[in-house]
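Encoded as structure tokens, the structure appears first; notes follow it.
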Amino acid sequence: KLGSAIPRKVNIRYLFATNRDLQSSIIEGNFRKDFFNRINAVQFYLPPLKDQRQSINHYINLFSNEIGKSVDDELRLVLNEYEWPGNIRELKNVLKKISQFSEGHEIRLKDLRDFSFC
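First residue of the sequence shown: 738, per this note's numbering; consecutive thereafter.
This is the structure we're talking about:
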């Protein structure tokens, strides 16, 4: 508790994420092996969004529901074809940005072009 002088037990877990190969970084001397050994209890790999295209519509639906606007079919096609180098975060940010300038309750392909994404 903030400002308290009474010690309390806590149970926390950390989750670390990186887009780098830490084994190579250790070999190159750019990452400490002892630290890696401390944080490397469980590893899992998340493929980039471009490699899980079947999930793009799921994320479009999720983020458009958060925004409160639907996404038209033409725009969906374009969003599904894009490579998404920034992955899910980029998709969410693009939808949020273009929704701010779209009229009505639907984000259209025109809104994306006005945003100069394509």
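Heads up, the beta-carbon is just placed ideally off N, CA and C, and yes, glycines get one too. None of the values given here were measured: they were computed from a predicted structure.
Here S836 is near K806, since their CB atoms are less than 8 Å apart. Sixteen is the threshold: when 16 or more other Cβ atoms of the shown chains lie within 10 Å of the Cβ of D848, as they do, the residue is buried. Per DSSP, K834 is one residue of the alpha helix (DSSP H) stretching across N824 to F838.
Here the stretch 776-794 makes contact with the stretch 821-830; the two share three or more CB pairs at distances below 8 Å. Between I776 and Y751, the CB-CB gap stays under 8 Å. Inclusion of F800 and K834 in the CB contact set at 8 Å is not warranted, their separation being larger than that value.
By the neighbour-count definition (other C-beta atoms within 10 Å, threshold 16), I844 is a buried residue. Assignment of E811 by DSSP, reduced to helix, strand and coil, places it in the helix class. Scanning V747, I763, Q780 and S761 for the CA closest to the CA of A754 turns up Q780.
Counting only the Cα atoms, N748 lies some 37 Å from L832. In this structure, L812 is the residue among L783, K770, L812 and E803 with its C-alpha nearest to the C-alpha of R850.
According to the DSSP assignment, Y796 belongs to the alpha helix (DSSP H) that extends over I793 to I804.
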